[in-house]
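Position 106 of the sequence shown, counted from 1, bears residue number 106 in UniProt numbering, the numbering being contiguous throughout.
Backbone N, C-alpha and C fix where the C-beta goes; we use that ideal spot for every residue, glycine too.
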Amino acid sequence: MLRPQAPDPVALSAASGAANAEAPAPLVLPEHPRILVFGDSWTYGSAATPPTDGYAYRLADLMDGTTIVDGVRGSGYLKPGLDGPAYGPRIDGLDPLLQPDLVVIEGSINDRRLPAAGYRPAVDAAWDRLADIYPDARIVVLGPAPQVLPVEKATARIDRDLQELAAQRGWWYISPVQEEWITPQNYAGIIDTGIGRDHPSNEGHRYLAEKVAAALREMAAAPVTVAVEPAETVQPVAPGK
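Here it is as structure tokens:
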């Protein structure tokens, strides 16, 4: 879980995008939150048996709330999915009456094969629309998690782009890449590498749900950051003046 302006070398590596960002406020949710989890095949529950054992569904019990799951396989901010369009048009089709307390928008590695040009504008446009539809909800961005190791360069670039764009809005950002949720040591137990898979296994979805829930709890416990105005400089008065 990365917070802009936190004294952490990973968080500070976002450079110009996060340098002047407003630090996110602590994540305050009701006792039984209503959470919209929006994303790609990982959110859909691919490779979980059944898909409703995916991390997004499991998150409900861990947060003592309710999750509304909107996952489309193969989709991204630029890439249309197997069962629906790219993120922007999908967000346009969301029900404004859902009234979630929290939106977790996940992904996506699916944009990694597309040119970087146009990626950031597509993300910004999608997030603008999401914030317009749910103005009272807190929005947390869950970056892409690696389906293969080592992490592909394009996946790392997407992760950095999303982190910087979230920082510019003062939104919380969770980076499975930078926080090394998936490592050579745990990869085999978390990722189902069967033909056409490369998605979290049942155990992987359980693990991801626990990691996301822990990150959200950290956000709730985060200290409030208060901006301090620089002290006014008083020039000394020369004798006899």
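- For the pair I158 and P144, the CB atoms are nearer than the 7 Å cut-off.
- For W171, there is no enclosing beta strand (DSSP E), as DSSP marks it with neither H nor E.
- Remark: C-beta atoms of R73 and G81 approach each other more closely than 7 Å.
- In this structure, I105 lies away from V69, with their beta-carbon atoms at least 7 Å apart.
- Residue D192 holds the alpha-carbon nearest to the alpha-carbon of A48 among V37, P121, D192 and A221.
- Its Cα nearest to that of R34, the residue D61 stands out among G54, D61 and P51.
- Taking 7 Å as the cut-off, the Cβ atoms of T155 and I109 count as close.
- Within the region 168–219, the beta strand (DSSP E) runs of at least 3 residues that lie entirely inside it are, in chain order, 172–174.
- In terms of Cβ geometry, I139 and W171 form a close pair [threshold 7 Å].
- Contact annotation: H205 and G107 have beta-carbon atoms that are not nearer than 7 Å.
- Within the same chain, Cβ atoms closer than 7 Å to the Cβ of A86 are found at S75, G76, Y77, L78, K79 and P80, the five residues on either side in sequence being excluded.
- Per DSSP, I109 lies in no beta strand (DSSP E) and is assigned neither H nor E.
- Between the C-alpha atoms of E152 and D111 there is a straight-line separation of about 12 Å.
- Between V28 and the set S41, L102 and E22, the nearest pair of CA atoms involves L102.
- E22 and R169 have their C-alpha atoms roughly 7 Å apart.
- According to the DSSP secondary-structure assignment, R34 is paired through a beta bridge with T66.
- G71 places its beta carbon 7 Å or farther from that of A125.
- L142 is bridged by DSSP to E106 and I174.
- Exposure of T183 is indicated by the presence of fewer than 16 other C-beta atoms within 10 angstroms of its C-beta.
- Around the C-beta of R113, fewer than 16 other C-beta atoms lie within 10 Å, and the residue is accordingly described as exposed.
- By the CB criterion at 7 Å, P26 and A220 fall inside the cutoff.
- Bounds of the alpha helix (DSSP H) holding L130 are Y119 to I133.
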